[in-house]
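The numbering of the sequence shown is the working numbering, which starts it at 323 and goes up by one. Cβ coordinates follow ideal geometry from the N, Cα and C atoms, glycine included. The block underneath contains the structure these notes are about, expressed in structure tokens.
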Amino acid sequence: MRNVLRALAWVLGLSTSASPLYAQVGGSYTYAYLELSPSARITALGGYLLATEDDDLTLGYQNPALYNPEMGGRMAFAHAFGPGGIQYGYAAYAGNLKRKELTVGGGLLYRNYGRFDGRDAAGNWQPGFSASEYALQAGTSYRGDKLRYGANLKFLYSQLESYTSIGVAADLGVTFVDTGSLFSAALVMRNIGTQLTAYTPGDREALPFQVNLGISQRLRYLPLRLSLTLHDLQKADIRYDDPNAAQQNTLLFGQDEPDEPTYTADKIFRHVAVGAEFNFGQNVRARFGYDHQTRGELAGDGKPGLTGFSTGFGIRVKQFRFDYAHAITHISGRNNHLTLNVDMAAFGGR
323 MRNVLRALAW
333 VLGLSTSASP
343 LYAQVGGSYT
353 YAYLELSPSA
363 RITALGGYLL
373 ATEDDDLTLG
383 YQNPALYNPE
393 MGGRMAFAHA
403 FGPGGIQYGY
413 AAYAGNLKRK
423 ELTVGGGLLY
433 RNYGRFDGRD
443 AAGNWQPGFS
453 ASEYALQAGT
463 SYRGDKLRYG
473 ANLKFLYSQL
483 ESYTSIGVAA
493 DLGVTFVDTG
503 SLFSAALVMR
513 NIGTQLTAYT
523 PGDREALPFQ
533 VNLGISQRLR
543 YLPLRLSLTL
553 HDLQKADIRY
563 DDPNAAQQNT
573 LLFGQDEPDE
583 PTYTADKIFR
593 HVAVGAEFNF
603 GQNVRARFGY
613 DHQTRGELAG
623 DGKPGLTGFS
633 TGFGIRVKQF
643 RFDYAHAITH
653 ISGRNNHLTL
663 NVDMAAFGGR
């Protein structure tokens, strides 16, 4: 436990020193696609899964400390269909080096916005244009007795009409795993980096830096694993400051205006995402999740519906595992996510 505390203190200290440079949320940074969920399983569990250690190699995208020997020889292909025809996906592979405690993995995250009709300021037709973004990622981890350490390096490319940008970023993670109590915890710093080439010369933007803390608990007498993630801890208030939400009433006769609401509870829960995964034997799983930040930002006034909630399932057939997720990102928009995991070692590959 002493080693755990030292590791957490080191990561927190580093994140504190970095936060003045990157503590920005809600549209004040570039490369927002880096926050996309890499797989249907993670989407179904609220968009985050930082502290669950198993053979799902897509977990290494959000926390490189989760790369482990069980992922060796596995491949994953994920694709999501979002509102407005926007699509994104992730393809990954992991392998073990000769030293079994060292696992390497990587993949390509992409988002395609589709094709757009071009118009000038007067509305006249212009040649159409496209927009897409990519993140090429590679990571590794080292496993101790109960501590795992990991790092990702990412090369970033974004093309929006005639504007392009290139950047680099890194993720650092540490995970504590106690197999006896079926408990694990993780602390991750994501997207530490910079733009190498800005969209417009001299106008560099910050990356979506995050400090995330996750815990995972498998129940001993029930086939259920619960996960809790506290995300964007580098900044206390991640609410969107909506100018239209300001009170417009002016009191007559010189009376004092009422105090502005503090939204204390909402500010706290904006950092919270939760998930539950039920295991029906070895081959079938059902999942449910909720992210309060999604609900707070995208729920419509008066009609929030089930915005922020997600659900999904997973089925394993021999060396294949198929996962599906349905996330409600808005009352009028849905995100359908598909993932195929393949154990190449079962085919005799390395």
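Counting every other CB atom within 10 Å of its CB across the protein chains shown gives GLU619 a total of 16 or more, marking it as buried. Taken in chain order, the whole beta strand (DSSP E) runs of length 3 or more contained in the region 450-487 are 469-482. Under the DSSP definition of a beta bridge, LYS420 lacks any partner. The residue among ASP613, PRO545, ALA647, SER463 with its C-alpha nearest the C-alpha of LEU552 is ASP613. If only complete runs of 3 or more residues are kept, the region 485-521 shows the beta strand (DSSP E) at 485-500, 505-519, in order along the chain. For GLY524, no alpha helix (DSSP H) encloses it, and the DSSP letter there is neither H nor E. In the structure shown, the three-state DSSP call for ARG363 is helix.
Of the residues assessed, GLN604 falls on the exposed side of the cut-off, its CB having fewer than 16 other CB atoms within 10 angstroms. In the DSSP assignment, GLN539 falls within the unbroken beta strand (DSSP E) covering 532-540. The straight-line gap separating the alpha-carbon atoms of ARG643 and GLY445 is approximately 49 Å.
Under the three-state reduction of DSSP output, GLN448 falls in the strand class. Apart from the 5 residues on each side of it in sequence, ASP439 sits with its Cβ closer than 7 Å to the Cβ of GLY450 in its chain, given in chain order.
Taking every protein chain shown into account, the CB of SER549 has 16 or more other CB atoms within 10 angstroms, so this residue is buried.
In the DSSP assignment, THR352 falls outside any alpha helix (DSSP H) and carries neither an H nor an E. Taking a 10 Å sphere around the C-beta of ILE514, we find 16 or more other C-beta atoms and assign the residue as buried.
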